[in-house]
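Residue numbers (my numbering), protein chains in the order written: chain A, 1211 to 1424; chain B, 1211 to 1424; chain C, 1211 to 1424; chain D, 1211 to 1424.
Yeah, the Cβ is synthetic: ideal placement off N, Cα and C, and Gly gets one too.
Every value quoted in this text rests on a predicted model; they were computed, and no experiment measured them.
4 protein chains.
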Amino acid sequence: MALSARPQPRQRGLETAEKVRKAALRLFAASGYAAVSMRDIATQVGVQPGALYNHFPTKQHILKDLMLSHMADLLAAWDTADFPDETDPIERFVRFHIRYHLERADEVFIAYMELRSLDAENFAIVEAERRRYETVLADILNEGAASGRYHIDNAKVTTRAIIAMLTGIPAWYRSGGDLSKEEIETLYLNMVRKSIAPEPTDNPGNPDTGDRMA
Amino acid sequence: MALSARPQPRQRGLETAEKVRKAALRLFAASGYAAVSMRDIATQVGVQPGALYNHFPTKQHILKDLMLSHMADLLAAWDTADFPDETDPIERFVRFHIRYHLERADEVFIAYMELRSLDAENFAIVEAERRRYETVLADILNEGAASGRYHIDNAKVTTRAIIAMLTGIPAWYRSGGDLSKEEIETLYLNMVRKSIAPEPTDNPGNPDTGDRMA
Amino acid sequence: MALSARPQPRQRGLETAEKVRKAALRLFAASGYAAVSMRDIATQVGVQPGALYNHFPTKQHILKDLMLSHMADLLAAWDTADFPDETDPIERFVRFHIRYHLERADEVFIAYMELRSLDAENFAIVEAERRRYETVLADILNEGAASGRYHIDNAKVTTRAIIAMLTGIPAWYRSGGDLSKEEIETLYLNMVRKSIAPEPTDNPGNPDTGDRMA
Amino acid sequence: MALSARPQPRQRGLETAEKVRKAALRLFAASGYAAVSMRDIATQVGVQPGALYNHFPTKQHILKDLMLSHMADLLAAWDTADFPDETDPIERFVRFHIRYHLERADEVFIAYMELRSLDAENFAIVEAERRRYETVLADILNEGAASGRYHIDNAKVTTRAIIAMLTGIPAWYRSGGDLSKEEIETLYLNMVRKSIAPEPTDNPGNPDTGDRMA
DNA sequence: CATGAATGAGGTTTCATTCAT
DNA sequence: CATGAATGAAACCTCATTCAT
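Here's what the structure looks like:
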């Protein structure tokens, strides 16, 4: 217990770097990369603007750091996500995605919106990571389609449609509103499931499609 | 002498104001309002920066003009949209939305992304228009649910989920790619239809997940 | 008289650009390019720093402008320099060089000292001009050596030695001091003549100047 | 045990202060005092900027140190310069000056160029030293003129002309080029000798000077 | 003696905007 | 209606320097 009693002396810098990340995250998400100045960030951190350059060589590096670490975190979180064994893959993905995206709304928003603010090299890196994540869902859909459990007209389109639908949630969801996160998850899960349910859905109000889907 | 003495030299082709709108639209969509300078716009228009102020009193007015006229155009286009009589409402909406949003990708993108760049007053106006448009779909869903043709757990959520899904298309769709706009429309229409199909979809593909969803 | 009574309206810009050149010239010569800020120049001109950019795109461009126009002026002045017909080439060069370099001490000093502040491209241009000017003297020396009027061990070295000697004058010469420019010219001319006199140097080239050397 | 317990880890090779001097010398010579930052120097030394302040209280002190020690070294070197006994004074000076200035091109260049970067007090000190050095040559010239061995129109001007000529060498001389340092020395020595040769200079290999040149 | 982090000032440049012409 | 020149503020970033560790 005596081991780490005193605050580490050399850690001040790490703390500042972390504060910079946090402040930039919030500000970039709220106003956009271009509309946020280094002064804005410094003010939030409680430091003079020049001090930021002890931790990040340029403003662009802050953005790159945020986006790369977000993508890495997202993929790592998926790899270690924990669900009851019997949970099927699409439920895993939908629930994971919604949960993660509601918890990290700012990161997600930046990751999607500020791609255009990345310089060419960083853009390529982040894009690759993004595609890796899309592939997670695409694989689930393809496998389910192959096994006949899902019906999918076009896996690429469906992947994007689902991700767009889910990713749109943080744009309007406010915690403390009418719906709990649990409820949101379930509502979206139902929509997703139905949207990839096996045909014939030739009559989308038709009672006789229910059994075929069973 | 007074009649046609001077050939109006300025009127050739598009007027400047319209060129400014076009240039600003493209640039705001590509880089974001904050990242685009009046000089950038002036360069695209082929004019000196000062000349822009003969047509718009501030940069903010250009943005407001673009967003308000987009929302007005969108609602007007819906009101006059022409479909075969037998087309059901959800198909009308999905096809209309996709068509319009693919044709006017820049306007749409700005309308969603640059809300934060509007000052308070303009924001309120545009938000109201946006809600009016969402209500179009919400009404369709509510009516269909009331008549039993659709099953909808939560109309507000479903409205937003569908709009998010559809609005996500221009983010990745490239004309000239594998899919025609017609095909996209149909794919999404099917997904939407299925996602709001009435029960019993009691078992969308996976018996052992039903209980968790209850 | 009425002709040009009013100050030309559109000329303000050209005047400012000229003021910038003049201010930069003085400041660069006094403190060096790196030690002079755009703010310093703007203050001298009586304008805000941003206004400088209406006339020169960068600080580097101001330097380039000064150096290129100096080299061009120098070569043009040599081409049109007017001397009595009987003046021999070496006297022409020495007198011309000293006069020009004393009149334009700032330009000359910058042209020699701030080569290192030029970016690669501008450096190459100015260097080429400089070599052209050295060639003027080198040609005089070579011709004189070929005709036997001068004795020169190594033309390239001699060229540079003479130019260095002459160019060193403005570093210490103060007008209003003990020596008139005329006297300086003559003193240096004698030294130069003697330094390239043939062996035996009983008549260094010019009967009517001989007495001046006595 | 006390003897060599701790290997002094900091003393390996050159001490830091000396490394700072060396780095500053090179950088100031290459880019000028104003264009070199303490960070630049620290980088060259392989140390953080703050560490420099353990050795020099300010950047200005580094410059002062370089210039004062250069002037002191120069005068000391002259005092102890070793030439064959029969070498005449002007040859001593020319050969000494060229040798020293080619060996210490950076110091020399800084000493001449960065006078303007010195604050008032340091400037006065260095200027005084510089004049002492000029006096060395002036004395030689005056003595030679008094004894009739040289003809000099104006000792002050001649002193400066010769020094400017000699000091100009490092600006263009590249070791490994066509000319050895020995050859340079001899070429310049001849030019200097001739430029101060007594009139009539019909025999600049005059019996009473010829042997000294051999 | 060196580091890493900070300051406060100031660097070059860009910005939205104004206005006489 | 456009231009060219200006302003005043602010952008990103670098600077010399300080200081606790």
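Among the residues facing chain B, residue 1337(A) is not included, as its CB has no counterpart in that chain under 9 Å away. Think of a sphere of 7 Å around the beta carbon of residue 1398(A): the chain B residues whose beta carbon falls inside it are 1371, in chain order.
The Cβ atoms of residue 1402(A) and residue 1304(A) sit closer than 9 Å to each other.
Taking the C-beta atoms as reference points, residue 1378(B) is found no nearer than 9 Å to residue 1365(A). Residue 1294(A) and residue 1301(A) have their alpha carbons spaced roughly 11 Å apart.
Counting only Cβ-Cβ distances below 9 Å, residue 1323(B) has contacts in chain A at 1242 and 1323, in chain order.
Secondary structure note for residue 1341(D): its alpha helix (DSSP H) is the uninterrupted segment 1330-1356.
Secondary structure of residue 1231(B) (DSSP, three-state): helix. Under the three-state reduction of DSSP, residue 1408(D) is assigned to coil, being neither helix nor strand.
Against residue 1404(D), the close residues of chain C are 1404, 1405, 1406, 1407 and 1411, in the order they occur along the chain (beta-carbon pairs closer than 8 Å). Shortest Cα-Cα distance from residue 1254(C) to any of 1227(C), 1277(C) and 1244(C) involves 1227(C).
Residue contact check for residue 1249(B) against chain A: no CB pair falls below 9 Å. For residue 1345(D), the nearest beta carbon of chain C is not closer than 9 Å to its own beta carbon.
In the three-state reduction of the DSSP assignment, residue 1267(B) falls in the coil class.
Nearest Cα to residue 1317(D) within the set 1272(D), 1395(D) and 1359(D): 1272(D).
Taking the beta carbon of residue 1326(C) as reference, the chain D residues within 9 Å of it are 1240, 1241, 1242 and 1245, listed in sequence order. In the structure shown, the three-state DSSP call for residue 1295(A) is coil. For residue 1361(A) and residue 1356(B), the gap between their C-alpha atoms comes out near 28 Å. Nearest CB-CB separation between residue 1334(A) and chain B: not below the 9 Å threshold. Beta-carbon to beta-carbon, residue 1380(A) and residue 1312(A) are separated by about 6 Å, close enough to satisfy the 8 Å threshold. Within the model, the alpha-carbon separation for residue 1395(D) versus residue 1405(C) is close to 15 Å. Take residue 1250(A), set aside five residues on each side of it, and the residues of its chain with a beta-carbon closer than 7 Å to its own are 1237, in chain order. What residue 1368(B) touches in chain A, judged by beta-carbon distance under 9 Å, is 1397 and 1401, going in chain order. Using beta-carbon distances, residue 1350(D) does not count as an interface residue toward chain C, since no partner is under 9 Å. Just so you know, the alpha carbons of residue 1343(D) and residue 1391(C) end up roughly 26 Å apart. Cβ contact annotation for residue 1299(D) (same chain, cutoff 6 Å, sequence separation greater than five): 1350, in chain order. Neighbours of residue 1389(D) in chain C, taken as residues whose beta carbon is under 8 Å from its own, are 1364 and 1367 in chain order.
Residues of chain B whose Cβ lies closer than 8 Å to the Cβ of residue 1382(A) are, in chain order, 1370. With its beta carbon at least 9 Å from every one in chain B, residue 1277(A) lies outside the interface. Interface flag for residue 1233(D) against chain C is unset, since no Cβ pair is found closer than 9 Å. For residue 1315(C), the enclosing alpha helix (DSSP H) stretches over residues 1315-1323. Taking a contact as a CB-CB distance under 8 Å, the pair residue 1230(D) and residue 1278(D) does not count as one, their CB atoms being some 15 Å apart. The C-beta distance from residue 1347(B) to residue 1308(B) rounds to 13 Å, too long to fall under 8 Å, and the pair is not in contact. Under the three-state reduction of DSSP output, residue 1251(C) falls in the helix class. Neighbours of residue 1378(D) across chain C, judged by C-beta separation under 9 Å: 1370, 1371, 1373, 1374, 1375, 1377 and 1378. In terms of beta-carbon proximity, residue 1320(C) stays away from the interface with chain D, with every pair separated by 9 Å or more.
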